[in-house]
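Numbering (our numbering), first residue to last: 587 to 1500.
Glycine is no exception: its CB is placed at the ideal position from the N, C-alpha and C atoms.
Please read the structure below before turning to the comments.
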């Protein structure tokens, strides 16, 4: 299967109006802001929170909500506590943890959730986008009568400042409706209801039980609020009669009713009589003082003029594709928070991410016909399942959240989140009045709280409250893969980023440099003139499918190299695409060489850095101070050479593969290639086509079957042990005593980590190719978090790992998470060194344990684990290369089925169309 995109999609910044600053509105604003959109949030109240902003004063509101414009938005009552434990409630990167001095219960009161939302708003810097005390009165399309492209649909938004009455009309590229659905009361149709003389009210304005003291109260509706309020009322009312559709109620409710002599269960109401009687369908009756309707709410959008394209019919909002997009008006009109009976906050977040990416042009929706067909199939399936139209948006299925997440690669709901949710639900069914304070899932809870989702934030949730997002000035050194993704993640977190790149374009190693004449053949000059070590014929050793960043797959582009294992230029073009799509080029200074990086004041606890750079063309020297430095210079430039007797006196040609580009200069020569790792065999196989003889010198003659096949196939390719000495007469003597006369020795012996610009006063050193001490190959314990390294580890799936490093660094610099103490980091480094069991020079080779290590590392920031298909494709490629060194890049029938399975993953599907 070949996935084709004609051109890279450039990130598009839109002006977006978000209506509502409740949970769904806040997370929408956050995701839109991340994508670079210009966001205005309009909120009718004086603070964030939406429903969760408690409004105790309800006197001005009609008791049955029959006025055109509601004066009270929130339907929260004073004693309300969450029905789900706090652990399952939080957004994906902002857990709902306990804060010192606040409500610490697992099922806290409503105020605690409101404070959580205020924390979320502050930490992610959302308040500056919100206009408070503004009521949206009209939303309609501009030029609705004109035939315009979907991406050109624009919206007129008319709003009123509640305090001054000022009316403002504005035009936006898109509108996100996040106004909630718990404000407009839904009432039953009961005979005599309009003429009943006594008190009737909807739970929308219920706040405390005192007004019902000594009354006979009928509560209509047996959902959570009906049960909750009834249990509260029995403590003050003379009698409470709960009217339900069925007397077959959960065991927990039965237990509560049996405990209270003044609490009674009834069937539905038949009629209300003028003399105060309430007659039930079974013929029984009582005389009541008050009827309290806990009968739910209507979806209602009185401000929206869609010309019938989005309507509410029997509480079904539609037609909406995946409860989010109007096929007629997408993507410029969307809804967040419509679905019910699911784990809300993570779902709202996945909706917001999808909308933000669509508006950026980074993904697209199906066609109009496909969306309409999907909606029709959904409606038919609901009808076949016997679900009334009014319950269209009641989900009750974890699988739906996971299916939805797949549209954008959002993580599936964690198993612990599902299990805790189900545990709470089952407990509430059995123990209605105690489940919030007594539970039997403590083992699961304790296990859950060890998850990195919670532990990564343990140091940012102490008594001081939320840690404000901190914007830092950050210098990233290098614009290769690790530098680009670092810049992207730092930019996402709001940091001010400067990338310094010594070449004239992005790519790092992958920016091919064909002219190497000025470079010393053994790299013995102090300053390298050539950075890249890529040779002309180099092709990737991993398939393109596993190479891409988490939200930017390395797919085939029309008119370019379509091979699964493409040449180096294709990966460079992928990096250029990445740079363009995420708007990174504006942060990069090209042709700038960093000459010095050192602390401003060594005793300064803020650990700021002086960076001295030279503009290569003009020679201008610039000195600047940054809050942090990220070193992303790669490790394939500074040559590592063996120590061979006679090497310095040998008169013939010696070169390192760093300056090898094409085989022609070695035509008709006898060449000794030193090094049996990937580049050594690769270059040897290329040289046999032009050289007289090629002798591959390796540490052990026990080589892979694939290399053995290649040697057998080519009569001029010979395998030799290590070199004992080089003689002045041109002889190369091997350790087994054999010898040849050679024209050239080509060293494919790897590279050294080297940071000639860094003055760390011995706190970070390179010792036998070990960079250290570094905590998790990233942070110097004594200089963290202001100095970090991205891209040090080798022998793993690089790009996703660099991305997880970059995310961690960006979050730490923002203050959203923190590192262990200095002592803890040093202890971890020491334990790693002791347990590694490999030579010091291979400290950063992850190798066989790359899967577990990448997943463990990802847990620090909640970054997704490597997908199973990515792991399997990597392993099958390695095994195939060992058996078929010359053909594994072009012949891969052994993983064809696995490849087809992988290409069905939403990771690829999200970008198959521009």
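Next item on the list: Throw me the rounded Cβ distance for the residue 635 and residue 766 pair, which I believe falls under 8 Å.
Entry: Here residue 635 refers to the residue found at position 49 when the chain shown is read from its first residue. Here residue 766 refers to the residue found at position 180 when the chain shown is read from its first residue. Going by Cβ atoms, the distance from residue 635 to residue 766 rounds to 10 Å, so no, they are not a contact pair.
Note to self: Does the structure place the segment 1197-1213 close enough to the segment 1281-1301 that three or more beta carbon pairs sit under 8 Å?
What the structure shows: no
Check: Just reading off the alpha helix (DSSP H) that residue 1007 is part of, what are its end residues?
Finding: Translated into the one-based positions of the chain shown, residue 1007 becomes position 421. Segment 1001-1016, the alpha helix (DSSP H) holding residue 1007.
Margin query: What residue range does the alpha helix (DSSP H) around residue 702 cover?
Written below: Locating residue 702 in the chain shown gives position 116, counting from the first residue. Element bounds for residue 702: 696-709.
Margin query: With three or more C-beta pairs closer than 8 Å as the rule, is the segment 681-690 touching the segment 819-834?
Written below: Inter-segment contact for the segment 819-834 and the segment 681-690 is absent: fewer than three beta-carbon pairs are separated by less than 8 Å.
Checklist line | Residues near residue 1481 in its chain [Cβ-Cβ closer than 8 Å; skip 5 each side] | finding: Numbered from 1 along the chain shown, position 895 holds the residue referred to as residue 1481. The residues 1458, 1459, 1462, 1463 and 1466, in chain order, have a CB closer than 8 Å to that of residue 1481 in the same chain once the five nearest residues on each side in sequence are set aside.
Notebook entry, point to check: Any chance the segment 1148-1158 sits against the segment 1122-1133, with 3 or more Cβ pairs inside 8 Å?
Noted result: Enough Cβ pairs lie closer than 8 Å, so yes.
Next item on the list: Sort 719, 744, 720 and 722 by Cα distance to residue 728 and report the nearest one.
Entry: Looking up residue 728 in the chain shown gives position 142. Nearest option by C-alpha distance: 744.
Check: How about residue 1291 and residue 1469: do their beta carbons lie closer than 7 Å?
Finding: Within the chain shown, numbered from 1, the residue matching residue 1291 stands at position 705. Within the chain shown, numbered from 1, the residue matching residue 1469 stands at position 883. Result yes, Cβ atoms of residue 1291 and residue 1469 sit closer than 7 Å.
Item checked: residue 1360 to residue 1066 span [Cα, whole Å] -> By one-based count along the chain shown, residue 1360 stands at place 774. By one-based count along the chain shown, residue 1066 stands at place 480. Distance between the alpha carbons of residue 1360 and residue 1066 is about 21 Å.
Next item on the list: Alpha carbon to alpha carbon, how far is residue 1493 from residue 1141? Give it in angstroms, no decimals.
Entry: For the purposes of this step, residue 1141 is identified with residue 555 of the chain shown, where counting begins at 1. For the purposes of this step, residue 1493 is identified with residue 907 of the chain shown, where counting begins at 1. Counting only the Cα atoms, residue 1493 lies some 11 Å from residue 1141.
Checklist line | Contacts around residue 690, its chain only, beta-carbon distance under 8 Å, and the 5 residues preceding and following it disregarded | finding: One-based indexing of the chain shown puts residue 690 at position 104. Closer than 8 Å at Cβ, skipping near neighbours: 684.
Next item on the list: Taking only the alpha-carbon atoms, compute the straight-line gap between residue 1331 and residue 1375 and give it to the nearest angstrom.
Entry: The count along the chain shown starts at 1 and reaches residue 1331 at position 745. The count along the chain shown starts at 1 and reaches residue 1375 at position 789. If you draw a straight line from the Cα of residue 1331 to the Cα of residue 1375, it is about 34 Å long.
Check: Any idea what DSSP makes of residue 664, helix, strand or coil?
Finding: Within the chain shown, residue 664 is the residue found at index 78, counting from 1. Three-state result, residue 664: coil.
Note to self: Going by DSSP, what residue range makes up the beta strand (DSSP E) through residue 851?
What the structure shows: Here residue 851 refers to the residue found at position 265 of the chain shown. Element bounds for residue 851: 849-852.
Notebook entry, point to check: How should residue 1094 be labelled, buried or exposed, when 16 other C-beta atoms within 10 angstroms of its C-beta is the threshold for buried?
Noted result: Here residue 1094 refers to the residue found at position 508 when the chain shown is read from its first residue. Buried.
Checklist line | Neighbour-count burial assignment, residue 957, 16 or more Cβ in a 10 Å radius | finding: Along the chain shown, read from residue 1 onward, the residue named residue 957 stands at position 371. Residue 957 is buried by the Cβ-count criterion.
Check: Under a Cβ-count criterion, where at least 16 other Cβ atoms within 10 Å of its own Cβ denotes burial, should residue 1012 be classed as buried or exposed?
Finding: Walking along the chain shown from the start, residue 1012 turns up at place 426. Exposed, by the Cβ-count rule.
Notebook entry, point to check: Does the Cβ of residue 710 have 16 or more other Cβ atoms within 10 Å, making it buried, or fewer, making it exposed?
Noted result: The count along the chain shown starts at 1 and reaches residue 710 at position 124. With 16 or more other Cβ atoms within 10 Å, it is buried.
Check: How would you label residue 1254, buried or exposed, when you count the other beta carbons within 10 angstroms and need 16 or more for buried?
Finding: Here residue 1254 refers to the residue found at position 668 when the chain shown is read from its first residue. By the neighbour-count rule (16 or more Cβ atoms within 10 Å), residue 1254 is not buried but exposed.
Margin query: Helix, strand or coil for residue 943? Go by DSSP, reduced to three states.
Written below: Here residue 943 corresponds to residue number 357 of the chain shown, with the count starting at 1. In the structure shown, residue 943 sits in a helix (DSSP, three-state: H, G or I).
Notebook entry, point to check: Any idea what DSSP makes of residue 770, helix, strand or coil?
Noted result: The residue labelled residue 770 in the question sits at position 184 within the chain shown. Residue 770: strand per DSSP, three-state reduction.
Note to self: Across the segment 1022-1035 and the segment 1054-1063, are there enough close Cβ pairs to call them in contact, namely three or more that are closer than 8 Å?
What the structure shows: no
Check: Between which two residues does the beta strand (DSSP E) carrying residue 1392 extend?
Finding: Here residue 1392 is taken as the residue at index 806 of the chain shown, counted from 1. No beta strand (DSSP E) contains residue 1392, which is instead part of the alpha helix (DSSP H) from 1384-1400.
Next item on the list: Name the one or two DSSP bridge partners that residue 742 has.
Entry: Position 156 of the chain shown holds residue 742. Answer is 726 and 757.
Margin query: Taking 7 Å as the limit between beta carbons, can you name the residues of its chain near residue 1186, skipping five residues before and five after?
Written below: Start at 1 with the first residue of the chain shown, and residue 1186 comes out as number 600. Excluding residues within five positions, the ones whose Cβ falls inside 7 Å are 1194, 1195, 1196 and 1211.
Margin query: I'd like to know if the segment 867-875 and the segment 916-929 are in contact, where contact means that at least 3 CB-CB pairs between them fall below 8 Å.
Written below: As far as the Cβ criterion goes, the segment 867-875 does not touch the segment 916-929, which means the pair count is below three.
Notebook entry, point to check: At a cut of 8 Å, does the segment 1423-1441 reach the segment 1356-1372 through at least three beta carbon pairs?
Noted result: yes
Check: Excluding the five sequence neighbours on either side, which residues of its own chain have a C-beta within less than 6 Å of the C-beta of residue 892, listed in chain order?
Finding: The count along the chain shown starts at 1 and reaches residue 892 at position 306. Taken in chain order, the list of residues that qualify is empty.
Item checked: Bridge-paired residues (DSSP) for residue 1096 -> Here the question's residue 1096 lines up with position 510 in the chain shown. According to DSSP, which records beta bridges pairwise, residue 1096 is partnered with nothing at all.
Check: Per DSSP, what kind of secondary structure is residue 1045 in: helix, strand or coil?
Finding: Translated into the one-based positions of the chain shown, residue 1045 becomes position 459. Any reading at residue 1045 must be qualified, since the residue scores a pLDDT of 39, below 50, and its modelled position is unreliable; no value is offered.
Margin query: Just to confirm before moving on: does the CB-CB distance between residue 1328 and residue 1256 stay below 7 Å?
Written below: As a working mapping, residue 1328 is identified with position 742 in the chain shown. As a working mapping, residue 1256 is identified with position 670 in the chain shown. Yes. Within cutoff.
Check: When the Cα of residue 1176 is compared with those of 1310, 1089, 929 and 782, which residue comes out closest?
Finding: Within the chain shown, numbered from 1, the residue matching residue 1176 stands at position 590. Minimum Cα distance to residue 1176 is reached at 1089.
Check: In three-state DSSP terms, what is residue 1149?
Finding: Along the chain shown, read from residue 1 onward, the residue named residue 1149 stands at position 563. Coil at residue 1149, not helix or strand.
Next item on the list: Would you grab the beta carbon distance between residue 1217 and residue 1395 for me? Rounded to a whole angstrom, and I think it's under 8 Å.
Entry: On the chain shown, position 631 is the one that residue 1217 refers to. On the chain shown, position 809 is the one that residue 1395 refers to. About 11 Å; that fails the 8 Å criterion.
Check: Just the Cα atoms here: how many angstroms apart are residue 1355 and residue 1400?
Finding: Looking up residue 1355 in the chain shown gives position 769. Looking up residue 1400 in the chain shown gives position 814. Answer to the nearest angstrom: the Cα atoms are 31 Å apart.
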